[in-house]
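Sequential numbering of the sequence shown, starting at 1148, is according to our numbering. Remarks on the structure that follows.
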Amino acid sequence: MAELHVVGEIVGAHGFEDRNLFCKWGVEAGSMWDLVEGEAGGQTQCDYPPDGEPGVVWAHPVDLHYATKSLIGWPKMWFQVWCLDVHGAKDLAGYGFCHVPTSPGMHEVEVATWVPEGSGIEKLTAFFVGGRPRLKFEEVIHSPGDRFRLQTRAAGVIKLQLGVCVRDFAKYAVAQ
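Here it is as C-alpha coordinates:
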(Lines of atoms letter the chains of each structure in order from A and count residues from 1; the text may use other names and numbers.)
(Lines give C-alpha, C1' and ligand atoms only; values in the text may rest on other atoms or scores of the structure.)
Protein backbone atom coordinates (compact mmCIF):
# COMPACT_ATOMS: atom_id res chain seq x y z
CA MET A 1 0.00 0.00 0.00
CA ALA A 2 1.04 3.59 -0.50
CA GLU A 3 2.34 5.32 2.63
CA LEU A 4 2.23 8.81 4.06
CA HIS A 5 4.52 9.94 6.88
CA VAL A 6 3.88 13.23 8.67
CA VAL A 7 6.48 14.31 11.23
CA GLY A 8 6.67 17.71 12.85
CA GLU A 9 5.25 19.81 15.62
CA ILE A 10 2.51 22.14 16.71
CA VAL A 11 4.85 25.07 17.28
CA GLY A 12 2.52 27.48 19.06
CA ALA A 13 -0.01 30.24 18.52
CA HIS A 14 -0.36 34.00 18.38
CA GLY A 15 -3.09 36.60 18.03
CA PHE A 16 -5.49 35.22 20.64
CA GLU A 17 -7.25 37.50 23.14
CA ASP A 18 -6.29 35.19 26.00
CA ARG A 19 -2.78 34.31 27.12
CA ASN A 20 -2.82 31.01 29.03
CA LEU A 21 -3.53 28.62 26.17
CA PHE A 22 -3.44 24.92 25.40
CA CYS A 23 -4.55 23.02 22.30
CA LYS A 24 -6.50 19.82 21.74
CA TRP A 25 -5.91 18.38 18.29
CA GLY A 26 -6.78 15.40 16.15
CA VAL A 27 -6.47 14.00 12.65
CA GLU A 28 -9.40 12.84 10.52
CA ALA A 29 -8.79 10.64 7.50
CA GLY A 30 -11.08 8.81 5.11
CA SER A 31 -12.09 5.17 5.33
CA MET A 32 -9.36 4.18 2.84
CA TRP A 33 -6.66 5.42 5.22
CA ASP A 34 -5.20 3.21 7.95
CA LEU A 35 -3.15 4.69 10.78
CA VAL A 36 -0.15 2.34 11.00
CA GLU A 37 1.73 4.18 13.75
CA GLY A 38 1.41 7.31 15.81
CA GLU A 39 -1.25 9.08 17.78
CA ALA A 40 -4.07 10.66 15.77
CA GLY A 41 -4.80 13.20 18.47
CA GLY A 42 -3.65 14.70 21.71
CA GLN A 43 -3.30 17.79 23.83
CA THR A 44 -0.48 20.24 24.36
CA GLN A 45 0.62 21.63 27.68
CA CYS A 46 -0.70 25.01 28.81
CA ASP A 47 1.77 27.83 28.16
CA TYR A 48 1.82 30.85 30.46
CA PRO A 49 3.94 33.36 28.52
CA PRO A 50 5.34 36.37 30.35
CA ASP A 51 3.91 39.80 29.59
CA GLY A 52 5.20 41.22 26.35
CA GLU A 53 5.62 37.85 24.62
CA PRO A 54 3.79 37.79 21.27
CA GLY A 55 2.33 34.29 21.61
CA VAL A 56 2.46 30.89 23.22
CA VAL A 57 4.94 28.07 22.57
CA TRP A 58 3.77 24.47 22.63
CA ALA A 59 6.41 22.57 20.61
CA HIS A 60 4.12 19.54 20.67
CA PRO A 61 5.28 16.61 18.48
CA VAL A 62 3.24 15.16 15.62
CA ASP A 63 4.30 11.78 14.21
CA LEU A 64 1.88 9.93 11.92
CA HIS A 65 2.27 6.99 9.54
CA TYR A 66 -0.65 6.13 7.24
CA ALA A 67 -1.17 3.43 4.62
CA THR A 68 -3.73 4.04 1.89
CA LYS A 69 -5.21 2.76 -1.35
CA SER A 70 -6.73 6.06 -2.43
CA LEU A 71 -6.33 9.83 -2.18
CA ILE A 72 -9.98 10.14 -1.18
CA GLY A 73 -10.19 11.30 2.42
CA TRP A 74 -6.72 12.88 2.57
CA PRO A 75 -5.92 13.51 6.26
CA LYS A 76 -6.84 16.83 7.83
CA MET A 77 -5.96 18.15 11.26
CA TRP A 78 -8.48 19.85 13.54
CA PHE A 79 -7.73 22.05 16.53
CA GLN A 80 -9.47 23.38 19.61
CA VAL A 81 -7.60 26.09 21.47
CA TRP A 82 -8.58 26.55 25.12
CA CYS A 83 -7.61 29.13 27.71
CA LEU A 84 -7.41 28.94 31.49
CA ASP A 85 -8.77 31.82 33.54
CA VAL A 86 -7.49 33.00 36.94
CA HIS A 87 -9.70 30.39 38.66
CA GLY A 88 -8.36 27.50 36.57
CA ALA A 89 -11.56 27.14 34.55
CA LYS A 90 -11.12 26.38 30.86
CA ASP A 91 -12.89 28.30 28.14
CA LEU A 92 -12.89 28.06 24.36
CA ALA A 93 -10.45 30.35 22.54
CA GLY A 94 -10.78 29.02 18.98
CA TYR A 95 -11.50 26.22 16.49
CA GLY A 96 -9.55 25.53 13.31
CA PHE A 97 -8.48 22.90 10.80
CA CYS A 98 -6.13 22.35 7.88
CA HIS A 99 -5.36 19.62 5.40
CA VAL A 100 -2.04 17.86 5.74
CA PRO A 101 0.13 19.25 2.91
CA THR A 102 0.01 17.06 -0.18
CA SER A 103 3.52 17.68 -1.47
CA PRO A 104 6.61 16.06 0.06
CA GLY A 105 9.01 18.23 2.05
CA MET A 106 8.98 20.59 5.00
CA HIS A 107 6.00 22.89 5.36
CA GLU A 108 5.21 25.78 7.66
CA VAL A 109 1.44 25.90 8.02
CA GLU A 110 -0.58 28.63 9.68
CA VAL A 111 -4.09 27.65 10.76
CA ALA A 112 -6.56 30.50 11.17
CA THR A 113 -8.98 29.86 14.01
CA TRP A 114 -12.47 31.13 14.75
CA VAL A 115 -15.04 31.12 17.55
CA PRO A 116 -18.84 30.98 17.32
CA GLU A 117 -20.35 34.43 17.74
CA GLY A 118 -23.45 33.28 19.62
CA SER A 119 -26.77 35.02 20.16
CA GLY A 120 -27.22 38.23 22.10
CA ILE A 121 -28.23 36.38 25.26
CA GLU A 122 -25.25 34.03 24.94
CA LYS A 123 -22.90 37.03 24.64
CA LEU A 124 -24.45 38.64 27.71
CA THR A 125 -24.21 35.40 29.69
CA ALA A 126 -20.58 34.94 28.63
CA PHE A 127 -19.74 38.48 29.74
CA PHE A 128 -21.22 38.12 33.23
CA VAL A 129 -20.88 34.39 33.97
CA GLY A 130 -18.13 33.28 31.57
CA GLY A 131 -18.19 30.41 29.14
CA ARG A 132 -18.17 31.41 25.50
CA PRO A 133 -20.53 29.72 23.02
CA ARG A 134 -19.29 26.31 21.83
CA LEU A 135 -20.18 23.95 19.04
CA LYS A 136 -22.75 21.30 19.87
CA PHE A 137 -21.31 18.94 17.24
CA GLU A 138 -17.52 19.21 17.00
CA GLU A 139 -17.28 17.46 13.62
CA VAL A 140 -18.42 20.78 12.13
CA ILE A 141 -14.83 21.96 12.71
CA HIS A 142 -13.45 19.87 9.85
CA SER A 143 -16.51 19.11 7.71
CA PRO A 144 -17.63 22.18 5.79
CA GLY A 145 -21.20 20.96 5.18
CA ASP A 146 -22.96 23.04 7.84
CA ARG A 147 -20.22 25.47 8.78
CA PHE A 148 -21.41 28.13 6.34
CA ARG A 149 -24.50 28.66 8.53
CA LEU A 150 -22.48 29.61 11.61
CA GLN A 151 -21.87 33.17 12.67
CA THR A 152 -18.25 33.36 13.74
CA ARG A 153 -15.45 35.79 14.38
CA ALA A 154 -11.74 35.37 13.90
CA ALA A 155 -9.55 34.24 16.79
CA GLY A 156 -5.79 33.67 16.59
CA VAL A 157 -3.42 31.64 14.42
CA ILE A 158 -1.81 28.26 15.16
CA LYS A 159 1.62 27.61 13.65
CA LEU A 160 2.69 24.11 12.52
CA GLN A 161 5.89 22.73 11.07
CA LEU A 162 5.21 19.50 9.19
CA GLY A 163 7.52 17.24 7.24
CA VAL A 164 5.65 15.15 4.66
CA CYS A 165 7.04 12.02 3.05
CA VAL A 166 5.10 9.92 0.54
CA ARG A 167 6.14 6.42 -0.47
CA ASP A 168 5.02 4.03 -3.23
CA PHE A 169 2.14 6.18 -4.48
CA ALA A 170 3.16 5.51 -8.11
CA LYS A 171 3.92 1.85 -7.46
CA TYR A 172 0.37 1.20 -6.21
CA ALA A 173 -1.25 3.55 -8.76
CA VAL A 174 -2.40 6.05 -6.16
CA ALA A 175 -2.39 9.32 -8.13
CA GLN A 176 -0.51 12.19 -6.53
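Ideal Cβ placement from N, Cα and C applies to all residues, glycine included. The structure displayed is predicted, hence computed values, not measured ones.
| Item | Value |
| --- | --- |
| Closest Cα partner of His1161 within the set Gly1252, Trp1205, Gly1188, Gly1189 | Trp1205 |
| Status (buried if at least 16 other CB within 10 Å, exposed otherwise) for Pro1326 | As displayed, the chain neither begins before 1148 nor continues past 1323, which places residue 1326 out of reach and without an answer. |
| Length of the line joining the Cα atoms of Cys1230 and Gln1192 | 11 Å |
| Which listed residue (Met1179, Tyr1242, His1254) has its alpha carbon closest to that of Val1262 | Tyr1242 |
| Reduced DSSP category for Glu1334 - H, G, I as helix; E, B as strand; rest coil | The first residue shown for the chain is 1148 and the last is 1323, placing residue 1334 beyond what the model contains. |
| Cβ pair count under 8 Å reaching 3, the stretch 1238 to 1252 against the stretch 1183 to 1203 | no |
| Coil, strand or helix - Ile1157 by DSSP | strand |
| Other residues of its chain near His1152: CB distance less than 6 Å, five sequence neighbours each side excluded | His1212, Cys1312 |
| Gln1252 - partner residues in DSSP beta bridges | Per the sequence shown, the amino acid found at residue 1252 is Gly instead of Gln. Bridge partners of Gly1252: Val1311. |
| Cβ-based burial, Ala1302 [other Cβ within 10 Å; buried from 16] | buried |
| Pick from Met1148, Ala1149, Cys1170 that is closest to Lys1237, judged by C-alpha positions | Cys1170 |
| Any non-hydrogen atom of the ligand NAP closer than 8 Å to Lys1237 Cβ | Judged by which ligands are present, the structure shown has none, so any question about the ligand NAP falls away. |
| Segment limits, beta strand (DSSP E) that includes Leu1218 | Leu1218 -> no beta strand (DSSP E), and no H or E assigned at all. |
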